[in-house]
Amino acid sequence: MLNKKITDLLNSQINKEFYSSYLYLDMSNYYIEKNLNGFGNWFAIQAQEEYAHAMLFIKYILNNSEKVVLNDIASPNKHYKDFKHPLEGSLEHEISISASINAIYAEAYTLKDFRTMQFLDWFVKEQGEEEKNVDDLCKRYEMFGTDPRGLYLLDAELATRVFNAPTLVI
Numbered sequence: 030m031l032n033k034k035i036t037d038l039l040n041s042q043i044n045k046e047f048y049s050s051y052l053y054l055d056m057s058n059y060y061i062e063k064n065l066n067g068f069g070n071w072f073a074i075q076a077q078e079e080y081a082h083a084m085l086f087i088k089y090i091l092n093n094s095e096k097v098v099l100n101d102i103a104s105p106n107k108h109y110k111d112f113k114h115p116l117e118g119s120l121e122h123e124i125s126i127s128a129s130i131n132a133i134y135a136e137a138y139t140l141k142d143f144r145t146m147q148f149l150d151w152f153v154k155e156q157g158e159e160e161k162n163v164d165d166l167c168k169r170y171e172m173f174g175t176d177p178r179g180l181y182l183l184d185a186e187l188a189t190r191v192f193n194a195p196t197l198v199i
């Protein structure tokens with residue numbers, strides 16, 4: 030059985046992961062509406078990844094005989110002023126998700142909950158990758174995004190991204 034505080038933090042993380050999926054779907058829709066389908070695809074894949082992350086947290090809680098609590102998912106209701114705005118927002122968001130996962134890890138460490146720490150190890154690594162990927166995309170947009178041809182080529186490249194479901198044994 031998990032400590033109640035850990036269970037509460039994990040349930041809160043589920044909501045954050047589902048919100049992340051909503052947020053990235055919103056960003057995907059924005060880009061598709063602007064005819065940047067490659068950017069739309071990149072964020073649609075992000076949305077799928079975040080949904081998969083939420084499902085991994087759910088499975089972990091259930092595998093530990095605890096109750097999953099699904100709370101309301103806030104609507105992103107974002108209004109983007111330009112093509113760069115969602116990119117910057119996604120980087121800020123990933124940093125906040127990393128901080129949330131680190132807080133759960135810190136609590137698990139305090140409680141000597143080694144099983145939860147081991148479970149979270151994958152997410153800590155994944156968040157490092159997520160932050161780097163978004164930061165790289167922001168930098169690439171800075172270099173190429175203001176030139177129409179560069180934006181076209183970057184959009185075409187982002188259209189090739191595919192979803193690879195996480196393979197985490199829980």
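Using our numbering, the letters of the sequence shown map in sequence onto residues 30 to 199. From the three backbone atoms N, C-alpha and C, an ideal C-beta is built for every residue, glycine too.
Between the C-alpha atoms of residue 166 and residue 84, what's the straight-line distance to the nearest angstrom? Those two C-alpha atoms are separated by around 26 Å.
May I have the straight-line CA-CA distance separating residue 158 from residue 151, to the nearest angstrom? Roughly 11 Å between the two C-alpha positions.
Could you tell me the alpha carbon to alpha carbon distance between residue 168 and residue 117, rounded to whole angstroms? Within the model, the alpha-carbon separation for residue 168 versus residue 117 is close to 10 Å.
Using only CA atoms, which one of 115, 130 and 146 lies nearest to residue 75? Here the closest residue by C-alpha is 115.
Give every residue of the same chain whose Cβ lies closer than 8 Å to the Cβ of residue 160, excluding the five residues on either side of it in the sequence, and list them in chain order. So the list reads 120, 123, 124 and 127, once near-sequence residues are dropped.
List, from N- to C-terminal side, the alpha helix (DSSP H) runs of 4 residues or more that fit wholly inside the stretch 99-163. 113-139
Can you list, in chain order, the residues of its chain with a C-beta nearer than 6 Å to that of residue 61? Leave out the 5 residues immediately preceding and following it. 69
Where does residue 55 fall in DSSP's three states? helix
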